[in-house]
Structure formats: structure tokens, C-alpha cells
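If you use mature numbering (1 follows the signal peptide of the UniProt record, and there is no 0), the sequence shown corresponds to residues -25 to -1, 1 to 301, in order.
Quick reminder that beta carbons are idealized off the backbone N, C-alpha and C, glycines included.
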Amino acid sequence: MVKKLIITAAAGVPMLLSPLSNVFAAPSGPAWMNADDIPAAFIKEEDSNGDGKVTQSEFKGPDSDFSLFDKNGDGVIELVEAPTRDTLPPPSMNSGPAMDSNLTMMDKVTINGIQFSFDTMYAFFGWNELPKDLTLNKLPIKAFTSPEGKTHYYQVVYMPDGNLNWFQAAYLADDAGGYLASITSEEENNFIFNMVNDQKYFWRFPKYIEGKSQNNHYEISIGPFLGGYQPEGSKEPAGGWSWLSGEVWTYSNWAVNLDDGIVDKDPRPNDQPNDSGNGQRIMGFGEMNLPVPTWGDYMDAVGTYGNDRLPGRTYAFVMEFESIPK
């Protein structure tokens, strides 16, 4: 059943946001900004593996700010390099295109009857309010009849700039009268994957950024968003996974570590879900080096509109409808 989309908390902030350093300048920025000891709080929050250092893959802010904090250029931020109140990037350091100034910023939203809250504010908009700098291409609708005889309709939305996160995409799917695709059988999974079985829909972690090796992610891919999520308070990494449609989670196809050097070039253990980013509560196809029908769990901020930064992005999402959309 498609549930009604409701905005539950809107800041109504008609303000101009940059995709980069404004995440630090905004009042809703990272929690470490409000700590008495900012350097220590920064290391604690950003250091996901607990080694006392922050690598670029762990860093949740924009790449330009990582380079600013990494004063010796060795690819890690140590406590002595961590930001202080005096070294936080000012708004004047922002770069890149400005976000649409008329968008509504929210830190809490209800999508398909499910409430989500965030540590920062995201821009939310329906199909009639799309920002002018956002390119979304709706592909032809295709029908699939489940083994139980139920016919649903599916539409891939291609976003060549990879600049929507899971929640923003789910909001748009709800606004269209559907939801991000919820998969309950191998047949449905294969059908949907065949709609996106193309590298253009899968974002790869770059091998180099500004000439520096980024081989800590081994060029693995993040694929199109699907409708699975973890409710708040779920036991990590595998607890509570649910579908936006409300359908029962009876089928899973999480990626399994292969280490074959072709589909999986990442030597690290890579069974999914793994919550490797300390808060990976949404999902989609991917987590391998080639397009795959298996799933991975991802961070909230992947692909966020208006924020050109890691932890990555994806180039598509799949909407599902229970009747042919008008």
C-alpha cells in the first residue's frame, strides 16, 4: 500500500547553501562543532575505526576541507591537525554551484508513512519543485508480475550528476505516488536489476583525487537506490531491515565477499550489510567493482543534493507503483 507523504518538520529555510564548506558553517553542522574540545570531538566522531586518525574515506565533510585539515598532506588527519574554532572553514571558502535558495530544509521528514530524522538538514522537494540545476531522467515504465500473480510497475530515474541521497529520492518516489522499489523475491530482484544493469547507473569510488591515491576503497561501486531501510534503534548491522512499501522482509540478496579480483577487487571482508561507516541505514545495489544484483548498505549522505562530497553517490533510483502512474 502506498502511504501518504507528510512533511513533519520544516525549517522553511530560504537560504543559499553551497555544496561544500557550508556544512561546517551551518548551525546544524556536525556535533563536534559544538563541543568544548573541538579537536578531540572531531577525531572521536570522524574516526570510524578507532585508530585515532581520520582518513579521507572516513571524513564526512567535503574533500576541500579534508585537504585543509591534513596539513602535512599524508592522507590522514591526526589530533594535532584537527580543526579548532579558529581553523573551521569560513563560508567564503565555499566553491561549486549554489543550492537553490527557495528550497525547504528539514531535519525530520515522513516518507511513505515512516518518519526519519537526521543530524543535519537536507533539502526536500517534489517533482513540481525540482531545482533548476537538478537533472532527472525518467525511463520507460515496465511491468512485473510476481510469482504470486501480483503486477506492479517500475521506473528507473537516471540522475547523471548523482546528486540525490536516498531520502531525497524516496521523497520524490512518494510524491509520484509510489515508493523506492521493495524486493520480495529473486525474480523481482533480477527483473529490477536488469533495468539498471549498466555501469552508467553505478558510481565508483575514484582511484585518485587531486593526484592522491584513494585505493582504500578499491574502486567499489554504489548502485541504484532501493527501498530498504533500518528503523532507528535497530541492532547493527543486520537488524530491523524493512521495506518502505510495508511489505514483509522475506527475501535478501546482500553482497557476499568474493575476493576474485574481477567482480570484487576489495581485499577487505565485504559481506553486507556491515555498517562500516557507523550509521549505514539505507541500501541499494552494489558494493562490488562491476554492476551486480547484490545489495549494500550505505550512509545517509551518499549523493546528497547540494553537497559535492564523499561518501559517494549513485546515478539512479528505482520507483515502484502498485498501479500505472498517471
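1) For a test of the three-state rule: what should DSSP assign to residue 180, helix, strand or coil?
2) From the DSSP output, which residues share a beta bridge with residue 150?
3) Just confirm the distance between the C-beta atoms of residue 146 and residue 84, as a whole number of angstroms; I'd bet it's less than 8 Å.
4) With DSSP collapsed to three states, give me the class of residue 298.
5) For the candidate residues 232, 257, 242 and 199, whose alpha-carbon lies nearest to that of residue 217?
6) Run through DSSP, which three-state label would residue 195 get?
7) Alpha helix (DSSP H) containing residue 257: first to last residue?
8) What does the Cβ neighbour count give for residue 52, buried or exposed, with the cut at 16 atoms within 10 Å?
9) Using three-state DSSP, classify residue 167 as helix, strand or coil.
10) Report the option in 299, 255, 275 and 237 whose CA atom is closest to the CA atom of residue 215.
11) Based on DSSP bridge pairs, tell me the residues matched to residue 218.
12) Quick one: give me the first and last residue of the alpha helix (DSSP H) that residue 18 is part of.
13) Give a yes or no on contact between the segment 80 to 97 and the segment 119 to 131, applying the rule of three or more CB pairs nearer than 8 Å.
14) List the endpoints of the continuous beta strand (DSSP E) containing residue 133.
15) What does the Cβ neighbour count give for residue 7, buried or exposed, with the cut at 16 atoms within 10 Å?
The relevant details are as follows:
1) Three-state DSSP puts residue 180 in coil, outside helix and strand.
2) Residue 150 is not bridged to any residue.
3) About 7 Å separates the CB atoms of residue 146 and residue 84; that is less than 8 Å, so the two are in contact.
4) coil
5) 257
6) coil
7) First-last for residue 257: 257 to 261, but that is the beta strand (DSSP E), not the alpha helix (DSSP H).
8) buried
9) helix
10) Of 299, 255, 275 and 237, the residue nearest in Cα terms is 255.
11) 203
12) 13 to 21
13) no
14) 126 to 133
15) buried
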